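Residue numbers (full-length UniProt numbering), protein chains in the order written: chain Y, 1 to 339; chain S, 1 to 339. Each residue gets a CB set at the ideal place from its N, CA and C atoms; glycine is no exception. Computed from a predicted structure; not experimentally measured. Beneath this line is the structure, given in structure tokens, with notes to follow.
2 protein chains.
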Amino acid sequence: MTLKDIAKATGFHVSTVSRALDQNSRINLTEDVVRQIRETADAMGYRRNRLASGLRTNRTMTIGVVIPDITNALFPPIVRGIESVMEPEGYASIIVNTDNVPEREMRLVDVLTERGVDGILHAATLRDDDSIQLIRSHNVPVVTLNRRVELDPPVPFVINDEALGIRMMLAHLAEYGHRRIAHIAGPVALSTGAMRVAAFHAARAAMGLAEADCPLAYAERFDEEEGHRAAIALLDGPTPFTALLCANDRLALGAIAALRQRGLSVPHDVSVTGFNDLSSLDAVTPPLTTVRILQFEAGEAAARLLLALLRDPQADIPAETVLPVVLVPRESVATPRPL
Amino acid sequence: MTLKDIAKATGFHVSTVSRALDQNSRINLTEDVVRQIRETADAMGYRRNRLASGLRTNRTMTIGVVIPDITNALFPPIVRGIESVMEPEGYASIIVNTDNVPEREMRLVDVLTERGVDGILHAATLRDDDSIQLIRSHNVPVVTLNRRVELDPPVPFVINDEALGIRMMLAHLAEYGHRRIAHIAGPVALSTGAMRVAAFHAARAAMGLAEADCPLAYAERFDEEEGHRAAIALLDGPTPFTALLCANDRLALGAIAALRQRGLSVPHDVSVTGFNDLSSLDAVTPPLTTVRILQFEAGEAAARLLLALLRDPQADIPAETVLPVVLVPRESVATPRPL
DNA sequence: TTGTACGCGTTATCAC
DNA sequence: GTGATAACGCGTACAA
Numbered sequence: 001m002t003l004k005d006i007a008k009a010t011g012f013h014v015s016t017v018s019r020a021l022d023q024n025s026r027i028n029l030t031e032d033v034v035r036q037i038r039e040t041a042d043a044m045g046y047r048r049n050r051l052a053s054g055l056r057t058n059r060t061m062t063i064g065v066v067i068p069d070i071t072n073a074l075f076p077p078i079v080r081g082i083e084s085v086m087e088p089e090g091y092a093s094i095i096v097n098t099d100n101v102p103e104r105e106m107r108l109v110d111v112l113t114e115r116g117v118d119g120i121l122h123a124a125t126l127r128d129d130d131s132i133q134l135i136r137s138h139n140v141p142v143v144t145l146n147r148r149v150e151l152d153p154p155v156p157f158v159i160n161d162e163a164l165g166i167r168m169m170l171a172h173l174a175e176y177g178h179r180r181i182a183h184i185a186g187p188v189a190l191s192t193g194a195m196r197v198a199a200f201h202a203a204r205a206a207m208g209l210a211e212a213d214c215p216l217a218y219a220e221r222f223d224e225e226e227g228h229r230a231a232i233a234l235l236d237g238p239t240p241f242t243a244l245l246c247a248n249d250r251l252a253l254g255a256i257a258a259l260r261q262r263g264l265s266v267p268h269d270v271s272v273t274g275f276n277d278l279s280s281l282d283a284v285t286p287p288l289t290t291v292r293i294l295q296f297e298a299g300e301a302a303a304r305l306l307l308a309l310l311r312d313p314q315a316d317i318p319a320e321t322v323l324p325v326v327l328v329p330r331e332s333v334a335t336p337r338p339l
Numbered sequence: 001m002t003l004k005d006i007a008k009a010t011g012f013h014v015s016t017v018s019r020a021l022d023q024n025s026r027i028n029l030t031e032d033v034v035r036q037i038r039e040t041a042d043a044m045g046y047r048r049n050r051l052a053s054g055l056r057t058n059r060t061m062t063i064g065v066v067i068p069d070i071t072n073a074l075f076p077p078i079v080r081g082i083e084s085v086m087e088p089e090g091y092a093s094i095i096v097n098t099d100n101v102p103e104r105e106m107r108l109v110d111v112l113t114e115r116g117v118d119g120i121l122h123a124a125t126l127r128d129d130d131s132i133q134l135i136r137s138h139n140v141p142v143v144t145l146n147r148r149v150e151l152d153p154p155v156p157f158v159i160n161d162e163a164l165g166i167r168m169m170l171a172h173l174a175e176y177g178h179r180r181i182a183h184i185a186g187p188v189a190l191s192t193g194a195m196r197v198a199a200f201h202a203a204r205a206a207m208g209l210a211e212a213d214c215p216l217a218y219a220e221r222f223d224e225e226e227g228h229r230a231a232i233a234l235l236d237g238p239t240p241f242t243a244l245l246c247a248n249d250r251l252a253l254g255a256i257a258a259l260r261q262r263g264l265s266v267p268h269d270v271s272v273t274g275f276n277d278l279s280s281l282d283a284v285t286p287p288l289t290t291v292r293i294l295q296f297e298a299g300e301a302a303a304r305l306l307l308a309l310l311r312d313p314q315a316d317i318p319a320e321t322v323l324p325v326v327l328v329p330r331e332s333v334a335t336p337r338p339l
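Next comes the structure, spelled out in structure tokens:
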């Protein structure tokens, strides 16, 4: 079923049929002709060939979504948020997983641009990321979300209020009486890791906690294994602590496992906190005190920004969107036991 | 950068360039010409336009992946399994979420076929599913996974050994001494729900447990809310039970919440079991006894089947692939307390 | 071994 | 208002 078939069936010319089937050009046609063409097109089950259309218009009505790993519970809600905005507008999404490997990222961006995606939503960017440059060199609009990239000219981004989250959590721990608060920082190559550890330093200083009392360990990935390793490193370090503020939930889960291995109870011996509020964290033991971020909404917001760019590449869209976060107090924090 | 540009730069004709850049037709060309063309193509950064290529060949090197909901932890590993096979072969995936709504399913299949996907992996099929017929009417190869559809001619599928899983779990409970075992069945519109409840009946009878001692409740969706509702219904029913075998993990989680609300302890008052072994189920309280299925491997297997079909639509591939399951005993099962 | 010519399905831009 | 034509980039039967 092609335009040609409909043309033959109705007796009109292909171009007339094309116009009748297009919302915009339809205005130049007699209402009667439009109706007739559309009816037989429907009857014959005509469906526009998006490849041919894209070849002609340079628009595929497809976007690329770049994420680190869909099995990480952080990302599926983001993907659904994106879909909830893009799908009603007629856009489909090609999703690729980078595993935070730069080479993979570059190749996958190639995969996307080869298929002529109209734009890219990038939730896997590193702070210094060549793939963004690559995308730009193809003149493909891009918005990052969850993380940001530091580049000139700037890339519009949608992130969470990392600083506020860390501040609230630190204040929460202080309220319980903690003065010796350790931090497991995330990878500094990611904006989330970097921003959270910077916020930790700033908030700690502002609250008058001594730097010497608040030891730090850096995780190389945002996962349980690294959380475990970093917690052990802190426990084996010279500085005692009563609370452990982790840069995300998975680090916290790993840290809790490590503390238990060392015979420490959470929260009675050490309080532990996370960040993100992955689902079913209320079912773990103890239910984890954490910071809730807006995953679905981040996807929505970024998609809306991209949509504006797709309609008009010169559109003046906000460069920075920072979504609010909420403290979720549960049971992994208690009053400190005297050291 | 098009073939035309390379042709101009090298002095050869477009078709010669096209051939030089294609693995298969290259054999007809002088080695020297091929080298020269490929070198300048590389230097000029040529990349084949997959749209134009697809328009010509009817192959987009893109497949469609239909799942119910990516935020359901069951599916991300499946998606990665698919990707692990398809991506190295040059295929990209368009992923769509049906939410188990038939109308949505139909529209999303349209989205996929419009974009000319070469094949579809369908993990969201209903037992009686019109979207599969729709796919077939477009002559697009399809393999279902996780679930199966009952259609003639049959659609190749990759599923888990549901019957074995249920049998093993029932035997496990019986070993602990349970004779009064309730079942929360999944939606019978899904092959997983139907096969598990059928297996429950068969295994129960084979083990000599009285049907009257083993009450049933049907969930309308595989989620916590329905698990909760069904558990309450069983508790309010006339038949007492000491164990509750749930058709999947999420139903079990909901059921445990319901039991607790009624002041019952798991596993001391009632043993509860799940199916699937979603990640971090070992972190919940109590750690859930369940059946582990091979999610990633299911994705891999289905992708390999589809790949065979993409190479040769007439390929003789196995109609049924049943992956092994493993019982994972944890702490949600104990010896029954006398009624 | 290389070049010619055409068509895939659509749409933009003419002319009438 | 409608029709004719060309072009998007590529692949391939056919000719040379």
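If we cut at 8 Å on Cβ distances, does GLY54 (chain S) have a partner in chain Y?
The residue labelled residue 54 (chain S) in the question sits at position 54 within the second sequence. At least one chain Y Cβ lies under 8 Å of GLY54 (chain S).
THR98 (chain Y) CB to nearest chain S CB: under 8 Å?
On the first sequence, position 98 is the one that residue 98 (chain Y) refers to. No, no contact with chain S.
Check whether the Cβ atoms of GLY81 (chain S) and GLN295 (chain S) sit closer than 8 Å, and answer yes or no.
If you number the second sequence from 1, residue 81 (chain S) lands on position 81. If you number the second sequence from 1, residue 295 (chain S) lands on position 295. Yes, Cβ-Cβ distance for GLY81 (chain S) and GLN295 (chain S) is below 8 Å.
Closer than 8 Å, CB to CB, is ARG80 (chain Y) near chain S or not?
Here residue 80 (chain Y) is taken as the residue at index 80 of the first sequence, counted from 1. It does: the Cβ of ARG80 (chain Y) has a partner Cβ on chain S nearer than 8 Å.
Go through its chain and collect everything with a Cβ distance to GLY237 (chain S)'s Cβ below 7 Å, but skip five positions before and after it.
One-based indexing of the second sequence puts residue 237 (chain S) at position 237. Excluding residues within five positions, the ones whose Cβ falls inside 7 Å are PRO215.
Considering SER279 (chain Y), what are the terminal residues of the alpha helix (DSSP H) in which it resides?
Translated into the one-based positions of the first sequence, residue 279 (chain Y) becomes position 279. SER279 (chain Y) -> no alpha helix (DSSP H), and no H or E assigned at all.
First and last residue of the alpha helix (DSSP H) that includes ARG107 (chain Y)?
Position 107 of the first sequence, counted from the first residue, corresponds to residue 107 (chain Y). Looking at the DSSP string, the run of the alpha helix (DSSP H) that includes ARG107 (chain Y) is 102-114.
Pick from S:LEU278, S:LEU253, S:SER280 and S:SER191: whose alpha carbon is nearest that of SER271 (chain S)?
For the purposes of this step, residue 271 (chain S) is taken as the residue at position 271 of the second sequence. Nearest option by C-alpha distance: S:LEU253.
Who are the near neighbours of GLY90 (chain S) in its chain, counting only those whose CB is closer than 8 Å to its CB and skipping five residues on each side?
Within the second sequence, numbered from 1, the residue matching residue 90 (chain S) stands at position 90. Contacts found: MET61.
With GLY193 (chain S) and ALA199 (chain S) assumed to form a contact (beta carbons below 8 Å), what rounded beta-carbon distance in angstroms separates them?
The residue labelled residue 193 (chain S) in the question sits at position 193 within the second sequence. The residue labelled residue 199 (chain S) in the question sits at position 199 within the second sequence. About 11 Å separates the two Cβ atoms, so there is no contact after all.
Can you give me the Cβ contacts of GLU297 (chain S) inside the same chain, cut-off strictly under 8 Å, excluding the 5 residues immediately before and after it?
Within the second sequence, numbered from 1, the residue matching residue 297 (chain S) stands at position 297. Taken in chain order, the residues that qualify are GLY81 and LEU323.
Tell me whether ILE159 (chain Y) sits in a helix, a strand or coil according to DSSP, three-state version.
Counting from one through the first sequence, the residue named residue 159 (chain Y) turns up at place 159. Three-state result, ILE159 (chain Y): strand.
Looking at chain S, is there any beta carbon in it that lies within less than 8 Å of the beta carbon of GLU226 (chain Y)?
Position 226 of the first sequence, counting from 1, holds the residue named residue 226 (chain Y). Taking Cβ atoms only, chain S never reaches closer than 8 Å to GLU226 (chain Y), which makes this a no.
Grab me the residues of ASP42 (chain S)'s own chain with a C-beta within less than 6 Å of its C-beta, minus the 5 sequence neighbours each way, in chain order.
Indexing the second sequence from 1 puts residue 42 (chain S) at position 42. Nothing meets the Cβ criterion.
I want to see whether chain Y comes within less than 8 Å of ARG115 (chain S), judged by CB atoms only; does it?
On the second sequence, residue 115 (chain S) is found 115 positions in, with the first residue counted as 1. Output row for ARG115 (chain S): interface = yes.
I'd like the span of the beta strand (DSSP E) that includes THR62 (chain S), first residue to last.
The count along the second sequence starts at 1 and reaches residue 62 (chain S) at position 62. Residues 62-67.
Applying the 10 Å Cβ sphere with the 16-neighbour rule, what's the burial state of PRO318 (chain Y)?
Position 318 of the first sequence, counting from 1, holds the residue named residue 318 (chain Y). By the neighbour-count rule (16 or more Cβ atoms within 10 Å), PRO318 (chain Y) is not buried but exposed.
Cβ of ALA283 (chain Y) within 8 Å of Cβ of VAL266 (chain S)?
If you number the first sequence from 1, residue 283 (chain Y) lands on position 283. If you number the second sequence from 1, residue 266 (chain S) lands on position 266. Not a contact, by the Cβ cut-off of 8 Å.
Which same chain residues end up closer than 7 Å to LEU327 (chain Y) when comparing Cβ atoms and leaving out the 5 residues on each side of it in sequence?
Counting from 1 along the first sequence, the entry for residue 327 (chain Y) is found at position 327. Cβ neighbours of LEU327 (chain Y) beyond the five flanking positions: MET168, MET169, HIS172 and VAL291.
With three or more C-beta pairs closer than 8 Å as the rule, is the stretch 238-252 of chain S touching the stretch 146-154 of chain S?
With a cut-off of 8 Å, the stretch 238-252 of chain S and the stretch 146-154 of chain S do not count as touching, because too few Cβ pairs lie within range.
My understanding is that VAL66 (chain Y) touches ALA123 (chain Y), with C-beta atoms under 8 Å, so please give their C-beta distance in whole angstroms.
Sequence index remark: in the first sequence, residue 66 (chain Y) carries index 66 (1-based). Sequence index remark: in the first sequence, residue 123 (chain Y) carries index 123 (1-based). Rounded, the Cβ-Cβ distance is 6 Å, consistent with contact.
Name, please, each residue of chain S whose Cβ falls closer than 7 Å to the Cβ of VAL322 (chain Y).
The residue given as residue 322 (chain Y) occupies position 322 in the first sequence. The premise fails here: VAL322 (chain Y) is roughly 24 Å from chain S at the closest Cβ pair, so nothing lies under 7 Å.
Which runs of the alpha helix (DSSP H) spanning at least 4 residues fall entirely within the stretch 135-222 of chain Y, listed in chain order?
162-175 and 191-206
Taking just the CA atoms, how far does ARG48 (chain Y) sit from MET1 (chain Y)?
Taking the first residue of the first sequence as 1, we reach residue 1 (chain Y) at position 1. Taking the first residue of the first sequence as 1, we reach residue 48 (chain Y) at position 48. Cα-Cα distance, rounded: 9 Å.
Thinking C-beta only, is VAL143 (chain Y) closer than 8 Å to LEU306 (chain Y)?
Indexing the first sequence from 1 puts residue 306 (chain Y) at position 306. Indexing the first sequence from 1 puts residue 143 (chain Y) at position 143. Cβ atoms of LEU306 (chain Y) and VAL143 (chain Y): closer than 8 Å.
Report the partner residues of THR320 (chain Y) according to the DSSP bridge assignment.
For the purposes of this step, residue 320 (chain Y) is taken as residue 320 along the first sequence, with counting starting at 1. In the sequence under discussion, the amino acid at residue 320 (chain Y) is Glu, which differs from the Thr named in the question. Partner(s): Y:PHE157.
Just to make sure I have the definition right: I need the residues of chain Y whose C-beta is within less than 8 Å of the C-beta of ARG50 (chain S). Which are they?
The count along the second sequence starts at 1 and reaches residue 50 (chain S) at position 50. The contacting residues are GLU114, ARG115 and GLY116.
Could you spell out the range, first to last residue, of the beta strand (DSSP E) harbouring LEU121 (chain Y)?
Along the first sequence, read from residue 1 onward, the residue named residue 121 (chain Y) stands at position 121. It spans 119-122 - the beta strand (DSSP E) in which LEU121 (chain Y) sits, taken as one unbroken run.
DSSP has ALA92 (chain S) in a bridge; who is on the other side?
Locating residue 92 (chain S) in the second sequence gives position 92, counting from the first residue. BP columns for ALA92 (chain S) point to S:THR62.
Quick one: list the residues of chain S neighbouring ALA73 (chain Y), beta-carbon separation under 9 Å, in chain order.
Locating residue 73 (chain Y) in the first sequence gives position 73, where the first residue counts as 1. Here the neighbours are THR71, ALA73, PRO76, SER279 and SER280.
Taking Cβ positions only, does THR290 (chain S) come closer than 8 Å to chain Y?
One-based indexing of the second sequence puts residue 290 (chain S) at position 290. No, its Cβ sits nowhere closer than 8 Å to a Cβ of chain Y.
Note down the Cα distance separating THR71 (chain Y) from ARG147 (chain Y), rounded to an integer number of angstroms.
Numbered from 1 along the first sequence, position 71 holds the residue referred to as residue 71 (chain Y). Numbered from 1 along the first sequence, position 147 holds the residue referred to as residue 147 (chain Y). The straight-line gap from Cα to Cα measures roughly 18 Å.
Identify whether ARG262 (chain S) lies in helix, strand or coil by the three-state DSSP scheme.
Translated into the one-based positions of the second sequence, residue 262 (chain S) becomes position 262. Three-state DSSP puts ARG262 (chain S) in coil, outside helix and strand.
Can you tell me whether ASN248 (chain Y) is helix, strand or coil according to DSSP?
Here residue 248 (chain Y) corresponds to residue number 248 of the first sequence, with the count starting at 1. Correct three-state label for ASN248 (chain Y): coil.
If the cut is a Cβ gap below 9 Å, which residues of chain Y does SER93 (chain S) touch?
Here residue 93 (chain S) refers to the residue found at position 93 when the second sequence is read from its first residue. From the beta-carbon of SER93 (chain S), the residues of chain Y found nearer than 9 Å are ILE94, ILE95 and VAL96.
Mapping DSSP to helix, strand and coil, what is VAL328 (chain S)?
Counting from one through the second sequence, the residue named residue 328 (chain S) turns up at place 328. Correct three-state label for VAL328 (chain S): strand.
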